[in-house]
Every structure is written in C-alpha cells, then in structure tokens.
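Novice: Below are the structure tokens for one structure; questions will follow.
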Amino acid sequence: MPARKGGGKRGHVLVRHQKLLALMEDLSTSHADMESDLVILSPTPQRRPFQRKQTLRKPKLEVTNMDEYEEDTEHDSSSVCRKQLQYPHELYLHSKAIGAFVSSKQELVGNNPSQRNWKGIIIALLVILIVCSLIVTAVILLTPDSHINTNPKFTFDDLFDDSWKAQGVSLKWISGDEFVYRNGSDAVVKFKATDNSSTVIIKNDTFSDIDASRYRISADLQYALLIYNVNKRYRHSFAAKYSIFNVNTKRASVELKPDSSMREATLQLAIFGPRDHQIAFVYKNNIYYKNSYATEPVQLTFEGQEGVVFNGIPDWVYEEEILQSHEAMWFSPNGTHICFATFNDSAVQDVAIPDYSVEGSYYAIRKIKYPKPGSTNPTVKISVINTNNPSRVLNLEPPADIKAQRDYYFSSVVWATDNKVAVTWLNRRQNLSIICICNAVTGSCSEHIKPMFAADGSKYFIQLPYSQGNRGKFPHIAVIRADWNGYPFVQSEAGGVNKVQEFLTSGPWEVTKILAFDQMTNTVYFLSTEVRARSRHLYSVSMGSAQDRTCLSCGLYPNCTFYDATFSKNQKWYTLHCLGPAVPRVTLHSTTDEIVVTLESNGVLRKRVSATQWPTYRYRDYTIDGNTYWAEMILPPDFSEDSKYPVLLDVTEGVIVVSFDGRGSGYQGDKVLYELHEKFGTVEVRDQIFVAKELAKIDYIDETRIGIWGWSYGGYVTTMVAGEGDGVFKCAAAVAPVVDWRLYDSVYAERYMGDPHHPKNSRAYDAANAYSGHRIKEFSKLEGNFLVIHGTADDNVHFQNTALLNKALVENDIDYRVQIAEAKLVTGQWHGKTTLSAVNNTACLTMTLQRNPTFHYSTTISPCLILIILMIITFIMPSDKGDKIAFGVTVLLSMVVSLVVVTGFLPVSSSLPFIALLIIVCMALMGFFLMTTVFILILHDKKGPLPEWARTLFLKHLARAILMGDLTKNLEPERPTRHIGNRKVGDIEGHTNKSFKTEKDDLPKGGNNHSGFEATLSGLQGSVDELKSTVRQLSGSLSQAASGDDDTEVTEYALLADTLERLSVVLYVLAVIIAIPCTLLIGRPMVTPN
250 MPARKGGGKR GHVLVRHQKL LALMEDLSTS HADMESDLVI LSPTPQRRPF QRKQTLRKPK
310 LEVTNMDEYE EDTEHDSSSV CRKQLQYPHE LYLHSKAIGA FVSSKQELVG NNPSQRNWKG
370 IIIALLVILI VCSLIVTAVI LLTPDSHINT NPKFTFDDLF DDSWKAQGVS LKWISGDEFV
430 YRNGSDAVVK FKATDNSSTV IIKNDTFSDI DASRYRISAD LQYALLIYNV NKRYRHSFAA
490 KYSIFNVNTK RASVELKPDS SMREATLQLA IFGPRDHQIA FVYKNNIYYK NSYATEPVQL
550 TFEGQEGVVF NGIPDWVYEE EILQSHEAMW FSPNGTHICF ATFNDSAVQD VAIPDYSVEG
610 SYYAIRKIKY PKPGSTNPTV KISVINTNNP SRVLNLEPPA DIKAQRDYYF SSVVWATDNK
670 VAVTWLNRRQ NLSIICICNA VTGSCSEHIK PMFAADGSKY FIQLPYSQGN RGKFPHIAVI
730 RADWNGYPFV QSEAGGVNKV QEFLTSGPWE VTKILAFDQM TNTVYFLSTE VRARSRHLYS
790 VSMGSAQDRT CLSCGLYPNC TFYDATFSKN QKWYTLHCLG PAVPRVTLHS TTDEIVVTLE
850 SNGVLRKRVS ATQWPTYRYR DYTIDGNTYW AEMILPPDFS EDSKYPVLLD VTEGVIVVSF
910 DGRGSGYQGD KVLYELHEKF GTVEVRDQIF VAKELAKIDY IDETRIGIWG WSYGGYVTTM
970 VAGEGDGVFK CAAAVAPVVD WRLYDSVYAE RYMGDPHHPK NSRAYDAANA YSGHRIKEFS
1030 KLEGNFLVIH GTADDNVHFQ NTALLNKALV ENDIDYRVQI AEAKLVTGQW HGKTTLSAVN
1090 NTACLTMTLQ RNPTFHYSTT ISPCLILIIL MIITFIMPSD KGDKIAFGVT VLLSMVVSLV
1150 VVTGFLPVSS SLPFIALLII VCMALMGFFL MTTVFILILH DKKGPLPEWA RTLFLKHLAR
1210 AILMGDLTKN LEPERPTRHI GNRKVGDIEG HTNKSFKTEK DDLPKGGNNH SGFEATLSGL
1270 QGSVDELKST VRQLSGSLSQ AASGDDDTEV TEYALLADTL ERLSVVLYVL AVIIAIPCTL
1330 LIGRPMVTPN
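Add 249 to a position in the sequence shown, counting from 1, and you land on the number used in my numbering.
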C-alpha cells in the first residue's frame, strides 16, 4: 500500500507536470520571434530557478524535458513529496521571471536607440585631427612673424589707381578776400575768407554734360570757358575746344571760334583778361581778341604759321626748357594791353619722330623744330598791343649787351604796373641776365633785374647770390629801389652789384621762391630750404628787422615738410598747400589771425594710407671733398636689420630705395650746383659709385645685389656708371638716356657745356660721351645685366641716343637688353602685353600674360564657396545618422583637393596667394566645427537629467536666442511606469504579484493539499495566458521599432545636442562671413614683391 500510494502521488504529479510543460511549450511557440532566449529550467534543486542569457543564435524559448526528473524520483519517494511542494513555487518564479523579462524588453524597445558605429567615428576623428594639424603647420610655416605689420602693402598696380591720388586745390584769387576753385564734387565755387561762405558758380553736372575737363573763369564771374576734346601736344601744351558758359543763364551754347560763320574750331590757347570778360585766344598760331562776350573776335597777328611761326604760344624748346608753360601772352593789370611773344623757327632744323600708332601699312612721320647744341636757335621778339587800338603794335627791344650777342633768349615777362612791363633777357651762353622795365605806351625800356614788385612799383625783390664764406654763394632776398630812369642792374657770372640794394636773408641755405610783399606791414613772404635742403617751408621777414624770420609752416602738420602757398591780392590771406611726405592738404590762413579753414583734407585717402604698409625712411650723410651730402634710404615695410637686402640706387631726385644728391644737385648753394659746369659725367658719376661702396659696408645691405637706374639725365648717369666698370653695381637700367649731349636741345646743353664748336667745349662734349670706345668695353663687367628702355616717340630725348648706344654695344660684342616698344594683348582666358626688345643681335618678343579674373572665379572660388555651403548640411543631418561625420569629412577632404589643385596652377612664390589662404582658412573652420559635431554626438547619447543650470542656460535662454523656443516646455514629468502599446508593464507586474506570492506562508503546505495546488495551477494558467498576450504585444512593438516608427522618448541631453547643433550652424555661417573679407584684406598684399 505504501508503495502504491506513493506511486500514485508520483503519477499524479507527473501528469500535472506534463500539463505545465504543455503550457510552457505553448508559451514558447508564441515567443519564438523574440530577440533573446528564455530558458525555463526543470525543477532541480541544484539549479537556480531562473536564468537569462544573450546568444548569437536565433531567439527561442527552451523547456527542458523531465527525463532527469523521473530518474531522480525513482530513488526516493520522499523526495517526490518534497519536490511536489516545490513545483508551484518554481512555476511561480518562472512566471515572475517572464514578467521581469517582458518589462526589460519594453524598456529596450522604448528607450534604446540603434547602436552607433563608434569605430568609424573614432577613425573620422583621427582623420580630422591629422588634417587640422596639417593646416596649422601650413599656416605657421606660411604666415609671417607676428611682429610684422599685417596691413596690406602698396602695390605696383596701386600706382595706376586714381583713388590713391591726393586731391589738390587749384584756385585763383579774385579780390582781397575771395578766390574761386573747384571743390571735391567738381563744382566751381567762390569762397569768401572773411566769413567762410561759399557760392556755387558752376555745378558739377555742367562739366559732365559736354565732357569738359578744365575751365577758366572771367574776372566779373559772369562767364566761364569750358574746355573739352583736349588733345595733348607736348609736356604743357594742348589743343582743345572751348565753350562759353553763361553763369547767370546756366547755359553753355556758344563755341569760342575766330569766325562766327565757322561751326566749331580747335584752339591752341584761350584766356580771360582782367577786365570784365574780355578774351584772347590763339588759332592756327595767330592771336584773336574779343572785348566782351557779345563782340566779334579781332585778329591781332597775321604772320602765324603752324609749326614755324608762333604768336602767343611757345615753340617746343621754349615750352620745355625756358617758360615751362604753354602760354606766351600776358594781359596788363587793367586789361588795356597785351604783351606777347613771337617765335620764328624757320631756320631751326627738324627732327623726324616716327608715329607707329596710325592705321595702315605705313607709319607716319611727325616733324618738330628742335635746336641742338651749336645749331641755329629760334628767333624771338616781345611785342605789346593796345586792346583799344589793335592796329598799333610796339616791339620791346632787348638791351644792347644782349642784342650784341649772336642770339639770345627771354625768360620771363611780368607786368610791374598798368603801363610798365618787365622782360628778362638772357644771352645764349646764359651767363648774362638783364631785366628791362619797358613802358607799354612808348616802348622805351630801362635795364633792371627780375622782380617781385611792390604795389606802388617803388621797389622790388629778387633772389641774388649772397656769399656765405667757404660754403660759397646762396640765393637770398635782395630788395632793389626801382629807379625807372637809369641805374641798370646787370647780373653776370662775376656777380654784379647795384648801388641800391640790401639783403633781407642770409645763411647757408637757399630762398627758392618769393611769394608776396605786404606793403602795409613791410613783410616779405618766401619759401626756403633753411630747415634742410629737401624741405620747403613758408617764412616771413620784415624789412625793419632783416634777420628776424618767422617760419609759418614749421611743425604745423605732422610729417609735412614740403609746402607751397598763394596769397590774396591784399596779402591778408593765403592758402597753404602741404605737398608731403604726409597726405597732402590745403588750408586757408590769415596773415593777422590764427584762422584756419580746411579746403581739402583728403580724409578718405588719409584713412586708406594709415591702413596700408609703407616704406620707412632713413637719411645718411656722406662727406666728399670737404662737403657733406645727404642720401635718402627707402626701406621695405617689413625691414629687419638681421636680413640682407638688395639696393637700387636711384639717380633721379629722391624716389626708390636710395637716392643721393651729390655734386651738381640743386638747393645746396651755387658751389655745389656749378661743380658740373663743363664737366658732365665726372663728379656726379664718381659720387654715385662712392655712395654705393659705402652702402655695401652696412650689415643689412647685400653687396652682391646693388643696382642702379635712372631716367633722362639719370639714365645718362646710369650709363656712365656702367661704363666705369667699377664692379660695385651688379645691374643697371637706363631709361631714355642721353648718351651724347650734342644730341640734346641747345638751351639745356649749352647752359652747362657751352657751344660745342669751341675747341675747349668740344673736348668736354667728347669726354661726356657715354658710348666712347674706352668706356663701352667696360659694360661687359655687368655680364648682360644692362637694360635700356626707350620709346621711339620721345620728343625730348630722341631715340637716336639709344640707337647709337645699341650700335656701339653690338660692335663690341657686349651682352645687354633693350626694350623698345610694347602692345596690349587680349585673347581667351588671358590678357597681357607683348614687348619687342633686343638682346645683342637677337630680336626678342616678350609676352606678359595674366589670367582673366573670371577664370579664377569659375574654377576655384566658386567650387570653394559651394563646399563651404555644403558643410552646413553636416549640422542639419539628424544626430542618429551614422553618416553625419562621414559627410563632413568628405567635404573637408574636397577642400584639401581644391588646395592641391590651386597650388598646382599658381606660380610658386615666397608668399601665400589669396586663394590658397582662403581655402586654408575655410578648411580650418570646417575642421573645428567637425570637432564640435563629434562632441555634440557624444552628448546626444548621454542618459539622465541635465543639471538645473544647464537646463536653464541652454534649453531655455540659448534656445530662445537661436529661435528654437523654450525647450523646457517639451519635457514630460517623470512617470514610474512605461507603456507597451496600451498596457502598462506595472499592471502585468501587479497581476503577477497578486497571483503569486513570494512569502513562504502563502505557498500550499503538505502533499495532500490538492485544492491548494489546484488553485495555484489555476492561477498559473491565468498568468500564462496573460504572458502570451504580453508576448504578442512585445513582438508587435519590436516589429514597429525595426520599421523606424517607434515613438522614442526625447531625453534632455538630446535636446541639448539639438540646441548646440543650431548654435554651430549660426557660428559657422558668421565665421565664414567674417573670414572671407578678412582673408581678402590680409592675403592681398602677399602677392606683392618687396
């Protein structure tokens, strides 16, 4: 019985156990598609009741069979009873574990995003770091030292940019306190100094209507001459058309012409007289006069012949060398007389100048009357005509001493009073100067010297040489008491002395210009070099205290040392023109008060200059033969004494790199000036070589790279230096050089070298020849580094000079280069110029090409801009996309490729081109913001709540600032339970807890308590049904998550990441907007050679 009883219990238990296994199998079938394995272990005491593990196999639910159990229970029936009591407990624990499992699966579905490719992100991060390090290295290597000025430099192209030109003020005093000038807006304005008032006379659009570039205003301010269609002839002269503008009616409808029947006429000169609006003009070398606007012109001269006889205008040599103006007629102060000069060039030989600019197969020949040393000069006469009686013409004869010379010149005409005119005459040798004061009514003349007359004509002032001991003579102000009846004053090489004179100034400096004499205060105003030879300052001196001078401009404006001035008719006002080295300005001053009115400050140019790198200036003194001479050194903006620099010696007046005023230069006294008398090509050449050798001793001067260049006379000195063969100069460039002074004009050459027909002078001409046989051989020491540049249409220094030099160099087999002409070239994507030159006996065609800007814009700059814009997509892409970083790295690498392409076709230089610098800057920005993107991705995956300060700062205030709104409102309050579909996992757990108790007291006791066990089994049945339903819901949730339609809850760190991404977009755009113009500003001068 006991055995059967016990066996019955075993069979009963097995049946119930099999039912449970069936239930578990059913559960396993419904759960077969889950991601994790659920292992239900058999009720074995040695094992834990529940265990969960992760496998790589397809998820399934396993239930062990009962074979092991059956074997165990056969040994001991008592164990069956013990296990019989454990079954419900173990089944309860299985159910509890399933509930926990479901809860964990719900949390997996609800919160965990897809796994990131952290390995790829780390690789991308390393690539970014490498690229950024390369960028930083390139920037460090290519960026100048930090102490160097980063402002842009003044470039060669800036020389031809009109915006760099300073605006001056060209004015005309019309009364004691009024003047007329053209203001910055190109309108003609009358300005009154006493009350600083201005009145517009001619509006600026009046000039643009007829494309007028110049103007003249009548004395009564009722009419103006508008000058247009200007055709320049020589250095000062031009031909143009003139339109008479009525200031009152604002109309310019009447053309100035010699005959009213003519439709229009091109005039050579037109000027207003001092009375009302009388006009004198020159047409076809003859003078015409109009007494008023309405009258017909009257022809005053008739012998004029174009190119031969000139009335009222100078011929070529007078315009270039003597008058230095295109005017040769002068109204008397009251307008009743006109003094004019007549030049007759009929005996002067022609110089033929080829003109290659004409169209057609043949070039044109332009002939100029050009007197050369020893040849026939033009004849000249001075005449006076009464405007009220044009038929009466008086000729003013030169003084006897001048007239006795073979021929002569006149150098100036000045009206002393309404009826007296002063004419300065010179002999041809130019060592005798006499001024004649002539009566315009009678034509009689007395001899004096060139004057600055007092208002009443009782005295005049002139610059005369004044001895300063062993320093020689310097020009100073002498006052002459005018005696209209005699006491001729003759200024000669010996230095003539008048009976009535006194010097108002004295010292080893020069008075360069006498400006005005105020008879009310007995004050003379003048310009001088008293501060230094390279400066011009305005001074005043009183006749009562001759040596008590006052400098009116010293220290007035910073770095302004060169001035000029114009005075009103009553000498109470003056305009002061600062000409440099600072930015020019024009101001109005009173001679009695400290009133200053700025007429032109060039403020815009001043700001531009202050933002640009400029060379620095140093001055050095050198002593030669007991005299001290100064040299100006122009150092590069980034000058450092630790470096070696090449030197270019400029032998024209004070321009590039080093300029030196040695013997023969002006404004240092007559002794220095006359060192070159009959000695061209001697001391001035030796002085340049001496200074070059002294410069080579300076530490920062590279003695192997010292060059010299010059233009005109400077070109002559350069050629002579090359012929010395001293070896100190390694290269030389002569522009339009004079190589034989017999080929230059007579006025200039004979002034210094005399008549070449005289034997003594002829030897001096020969010695000054730059291509003589013994000198030309020394050019070989330059080893081909000698360049000659000359234009074939040069009317001053004719191309004949360079042709003879070329011939001599070729005959002596000397290597050299010559540039003759150039032409523009425009083709395809290139533009530039072609230069025709010759090297030895070989002709060279040099082509200088520049790529059109459009090519760079389309092939380089535009792709870079597109990549910069594409970089913004990196910030817009969702943070949970794995290719976010990959896209950014691709764009960055594209910029690297662009940099490689750009550096491939740009020329290699010591500075970084702007385009390459722009790409590097943009690459640096991209690399930096990619780093921020990686940091944002890390924040996005972080769990947990933000600190309160971070939530307020970033999600509330910063989000509002970047137009995202208050993100704290999007945060839901924390809940203890989570949803799966429409059911709560907490409900499942609650139901399970209610069905199964963990306390031992609630478990069924004893093997015979069938009803308790049945109740437990029934509860288990319900729990299994509930779990089946939950598993089905879980399966649906997993499917939904796989398809991307989950409603994942947004965390606070995800919102922080979104905020920082939006901020990165804003900062990136701003950085690019700022970086591009800044790079343009910094990179532009880097293409400029020092």
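Where is the CB? At the ideal position from N, CA and C, for every residue including glycine.
Tell whether a beta-carbon distance below 9 Å holds between Ile955 and Val996.
Specialist: In the sequence shown, counting from the first residue as 1, residue 955 sits at position 706. In the sequence shown, counting from the first residue as 1, residue 996 sits at position 747. Result no, Cβ atoms of Ile955 and Val996 do not sit closer than 9 Å.
Novice: Going by C-alpha to C-alpha distance, which of Lys1205, Pro620 and Ile571 sits closest to Asp594?
Specialist: Taking the sequence shown and counting its residues from 1, the one referred to as residue 594 is at position 345. Looking at the Cα atoms, Pro620 is the closest of the given residues.
Novice: Quickly, what does DSSP pair Tyr464 with across the bridge? List them, please.
Specialist: Against the sequence shown, residue 464 aligns to sequence position 215. Its beta-bridge partners are Leu475.
Novice: Name, in chain order, the residues that DSSP records as bridge partners for Cys381.
Specialist: Looking up residue 381 in the sequence shown gives position 132. Cys381 pairs with nothing; no bridge assigned.
Novice: Taking the alpha carbon of Ala971 as the reference point, which residue from Leu1031, Glu545 and His1189 has its own alpha carbon closest?
Specialist: For this step, residue 971 is matched to residue 722 along the sequence shown. Among Leu1031, Glu545 and His1189, the Cα nearest to that of Ala971 is on Leu1031.
Novice: Under the assumption that Asp406 contacts Ala1042 (Cβ atoms under 8 Å), give the Cβ distance between them as a whole number of angstroms.
Specialist: Your numbering for residue 406 matches position 157 in the sequence shown. Your numbering for residue 1042 matches position 793 in the sequence shown. No, Asp406 and Ala1042 are not in contact; Cβ-Cβ is about 25 Å, not under 8 Å.
Novice: Between the C-alpha atoms of Leu1304 and Leu408, what's the straight-line distance to the nearest angstrom?
Specialist: Taking the first residue of the sequence shown as position 1, residue 1304 is located at position 1055. Taking the first residue of the sequence shown as position 1, residue 408 is located at position 159. C-alpha separation (whole angstroms): 58 Å.
Novice: For Ala461 versus Asp525, is the C-beta spacing smaller than 9 Å?
Specialist: As a position in the sequence shown, residue 461 is number 212, starting the count at 1. As a position in the sequence shown, residue 525 is number 276, starting the count at 1. Not in contact: Ala461 and Asp525 (Cβ atoms no closer than 9 Å).
Novice: Helix, strand or coil, according to DSSP, for Ile1121 in the structure here?
Specialist: Stepping through the sequence shown from its first residue, residue 1121 is reached at position 872. Note: Ile1121 maps to helix in three-state DSSP.
Novice: Ignore the nearest five residues each way along the sequence and tell me which others in Val557's own chain have a CB closer than 6 Å to its CB.
Specialist: In the sequence shown, the residue the question calls residue 557 occupies position 308. Result list for Val557: Asp594 and Ser595, in chain order.
Novice: Sorted by chain position, which residues of the same chain lie with C-beta nearer than 8 Å to Ser741's C-beta, five sequence neighbours on each side aside?
Specialist: Counting from 1 along the sequence shown, the entry for residue 741 is found at position 492. Confidence at Ser741 is low in this model, with a pLDDT of 43, below 50, so its placement is unreliable and the value that follows should be read with caution. Excluding residues within five positions, the ones whose Cβ falls inside 8 Å are Asn680, Leu681 and Ser682.
Novice: Out of Gln1270, Asp1307 and Thr1123, which has the shortest C-alpha to C-alpha gap to Met192?
Specialist: The first residue shown for the chain is 250 and the last is 1339, placing residue 192 beyond what the model contains.
Novice: Just curious, the beta strand (DSSP E) that Asp235 is in, first and last residue?
Specialist: In the structure as shown, the chain starts at 250 and stops at 1339, and residue 235 therefore has no counterpart that could be examined.
Novice: Return helix, strand or coil for Trp213, following the three-state DSSP convention.
Specialist: Summary: the structure shown does not reach residue 213, with the chain confined to residues 250 through 1339, and so no result is reported for it.
Novice: Per DSSP, what kind of secondary structure is Ile1325 in: helix, strand or coil?
Specialist: Residue mapping note: residue 1325 aligns to position 1076 of the sequence shown, counting from 1. The answer is helix: DSSP assigns Ile1325 an H, G or I state.
Novice: In the structure shown, what three-state DSSP assignment does Glu849 receive?
Specialist: Taking the sequence shown and counting its residues from 1, the one referred to as residue 849 is at position 600. Residue state, collapsed to three classes: strand.
Novice: Using 10 angstroms around the beta-carbon of Lys490, count the other beta-carbons present and answer buried if the total reaches 16, otherwise exposed.
Specialist: Within the sequence shown, the letter at position 241 stands for residue 490. Label assigned to Lys490: buried.
Novice: How about Thr591 and Glu552: are their beta carbons less than 9 Å apart?
Specialist: For this step, residue 591 is matched to residue 342 along the sequence shown. For this step, residue 552 is matched to residue 303 along the sequence shown. It is a contact, given that the beta carbons lie within the stated cut-off.
Novice: Tell me, please, which residues DSSP counts as bridged to Asp813.
Specialist: Residue numbering aside, residue 813 sits at position 564 when the sequence shown is read from its first letter. According to DSSP, which records beta bridges pairwise, Asp813 is partnered with His826.
Novice: Would you call the CB atoms of Val479 and Ile493 closer than 9 Å?
Specialist: On the sequence shown, position 230 is the one that residue 479 refers to. On the sequence shown, position 244 is the one that residue 493 refers to. It is not a contact, given that the beta carbons lie outside the stated cut-off.
Novice: Can you tell me whether Glu608 is buried or exposed? The criterion is at least 16 other CB atoms within 10 Å of its CB, across all chains shown.
Specialist: Taking the first residue of the sequence shown as 1, we reach residue 608 at position 359. Its Cβ having fewer than 16 others within 10 Å, Glu608 is exposed.
Novice: Please state whether DSSP places Arg1012 in a helix, a strand or coil.
Specialist: As a working note, residue 1012 is residue 763 in the sequence shown. Three-state DSSP puts Arg1012 in a helix.
Novice: Might you give, ordered along the chain, the residues of its own chain that have their beta carbon closer than 6 Å to the beta carbon of Cys803, omitting 5 neighbours on each side?
Specialist: Position 554 of the sequence shown holds residue 803. Answer for Cys803: His786, listed in chain order.
Novice: Closest to Arg465 by CA distance: which of Val1138, Arg484 and Val496 is it?
Specialist: Looking up residue 465 in the sequence shown gives position 216. Checking every option, the nearest Cα to that of Arg465 belongs to Val496.
Novice: Given this structure, state the Cα-to-Cα distance separating Tyr430 from Val835, to the nearest angstrom.
Specialist: Here residue 430 is taken as the residue at index 181 of the sequence shown, counted from 1. Here residue 835 is taken as the residue at index 586 of the sequence shown, counted from 1. Whole-angstrom Cα-Cα distance: 12 Å.
Novice: Run the CB neighbour count on Met1175, radius 10 Å, all protein chains shown included, and call it buried at 16 or more, exposed below.
Specialist: Numbered from its first residue, the sequence shown carries residue 1175 at position 926. Buried.
Novice: Measure the alpha-carbon distance for Cys809 versus Gly829 and round it to whole angstroms.
Specialist: Residue 809 sits at position 560 when you count from the first residue of the sequence shown. Residue 829 sits at position 580 when you count from the first residue of the sequence shown. Straight-line Cα distance between these residues: approximately 5 Å.
Novice: Please classify Ser983: is it buried, with 16 or more other beta-carbons within 10 angstroms of its beta-carbon, or exposed?
Specialist: Position 734 of the sequence shown holds residue 983. The displayed chain sequence assigns Ala, not Ser, to residue 983. Looking at its Cβ environment, which holds 16 or more other Cβ atoms inside 10 Å, Ala983 is buried.
Novice: Please work out which residues of its chain come closer than 6 Å, Cβ to Cβ, to Asp1004, disregarding the five sequence neighbours upstream and downstream, and give them in chain order.
Specialist: By 1-based counting over the sequence shown, the position of residue 1004 is 755. Gly623 and Asn1010.
Novice: According to the neighbour-count rule (16 or more other Cβ atoms, all chains shown, within 10 Å of its Cβ), is Phe1184 buried or exposed?
Specialist: Here the question's residue 1184 lines up with position 935 in the sequence shown. So Phe1184 ends up on the exposed side.
Novice: Around the Cβ of Ser626, are there at least 16 other Cβ atoms within 10 angstroms (buried) or fewer (exposed)?
Specialist: Residue numbering aside, residue 626 sits at position 377 when the sequence shown is read from its first letter. Position check: residue 626 holds Asn in this sequence, whereas Ser was assumed. Flag for Asn626 reads buried.
Novice: Which residues does DSSP list as the beta-bridge partners of Met578?
Specialist: Here residue 578 refers to the residue found at position 329 of the sequence shown. Paired residue(s): Phe589.
Novice: So, with DSSP's three-state summary, where would you put Met511?
Specialist: The sequence position of residue 511 within the sequence shown is 262, counting from 1. Reduced to three states, the DSSP call for Met511 is coil.
Novice: Mind checking whether Leu1036 and Ala998 have CB atoms under 9 Å apart?
Specialist: Numbered from its first residue, the sequence shown carries residue 1036 at position 787. Numbered from its first residue, the sequence shown carries residue 998 at position 749. Their beta carbons are not under 9 Å apart, which means Leu1036 does not touch Ala998 by this criterion.
Novice: According to the neighbour-count rule (16 or more other Cβ atoms, all chains shown, within 10 Å of its Cβ), is Lys946 buried or exposed?
Specialist: As a first step, residue 946 is located in the sequence shown; it is residue number 697 there, counting from the start. Exposed is the call here.
Novice: With 16 other CB atoms within 10 Å as the buried threshold, where does Val1315 fall?
Specialist: Position 1066 of the sequence shown, counted from the first residue, corresponds to residue 1315. So Val1315 counts as exposed.
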